[in-house]
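Report on the structure given below.
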Amino acid sequence: MSDIEHIVLWPFKNTSDLEFAAQAIKSTVGKARHDGEPYVLSVKCGTTRPSPPVRSRGFNLASIIRFRTDDDRSYFVKEDPAHKELVGLVKDKLASDILVLDFIDGAVEHIPTTAC
Numbered sequence: 011m012s013d014i015e016h017i018v019l020w021p022f023k024n025t026s027d028l029e030f031a032a033q034a035i036k037s038t039v040g041k042a043r044h045d046g047e048p049y050v051l052s053v054k055c056g057t058t059r060p061s062p063p064v065r066s067r068g069f070n071l072a073s074i075i076r077f078r079t080d081d082d083r084s085y086f087v088k089e090d091p092a093h094k095e096l097v098g099l100v101k102d103k104l105a106s107d108i109l110v111l112d113f114i115d116g117a118v119e120h121i122p123t124t125a126c
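Following this note's numbering, the numbering of the sequence shown begins with 11 at its first residue and continues without gaps.
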């Protein structure tokens with residue numbers, strides 16, 4: 011099975027918060043540990059480039075966090091203190107809800123919406 015890419019689109023209220031948010035994402039994800047060991051394969055973060063601009067729907071920052079397994083992704087989202095720290099740092103700066111997608115290259119399968 012391919013790695014899992016956890017894609018998050020972020021709608022920050024103020025573009026002046028984008029640099030802070032990008033650094034917060036990279037630094038907190040960089041601290042992620044499971045049983046004392048790093049388990050995040052990579053993290054990327056940057057401003058979005060809507061094409062065309064009217065289609066951005068307010069999402070102005072994107073992050074991609076890569077995990078080896080779904081268990082690793084699930085641990086990060088549900089239990090890792092680094093994720094909780096990240097939420098605390100950026101939550102009040104968001105204009106609306108984030109959009110989250112998990113992507114596996116080559117996977118074409120039906121996943122019930124109740125599975126999330």
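Using N, Cα and C, we set each Cβ at its ideal position, and we do this for glycine too.
Cβ-Cβ separation, residue j to residue i (assumed contact under 8 Å), whole Å
i, j, result
"residue 99", "residue 25", "That belief does not hold up - the Cβ atoms of residue 99 and residue 25 are roughly 17 Å apart, past 8 Å."
"residue 31", "residue 71", "6 Å"
"residue 17", "residue 111", "5 Å"
"residue 109", "residue 69", "6 Å"
"residue 116", "residue 52", "Not a contact, Cβ separation roughly 18 Å."
Per-residue burial, residue i [other beta carbons within 10 Å of its own, 16 or more giving buried]
i, result
"residue 43", "exposed"
"residue 90", "buried"
"residue 113", "exposed"
"residue 97", "exposed"
"residue 83", "buried"
"residue 118", "exposed"
"residue 73", "buried"
Helix, strand or coil at residue i [DSSP, three-state]
i, result
"residue 39", "helix"
"residue 100", "helix"
"residue 29", "helix"
"residue 87", "helix"
"residue 95", "helix"
Start and end residues, beta strand (DSSP E) containing residue i
i, result
"residue 112", "109 to 114"
"residue 73", "71 to 77"
"residue 23", "No beta strand (DSSP E) holds residue 23; DSSP gives it neither H nor E."
"residue 56", "50 to 57"
Residues bridged to residue i (per DSSP)
i, result
"residue 18", "73, 110"
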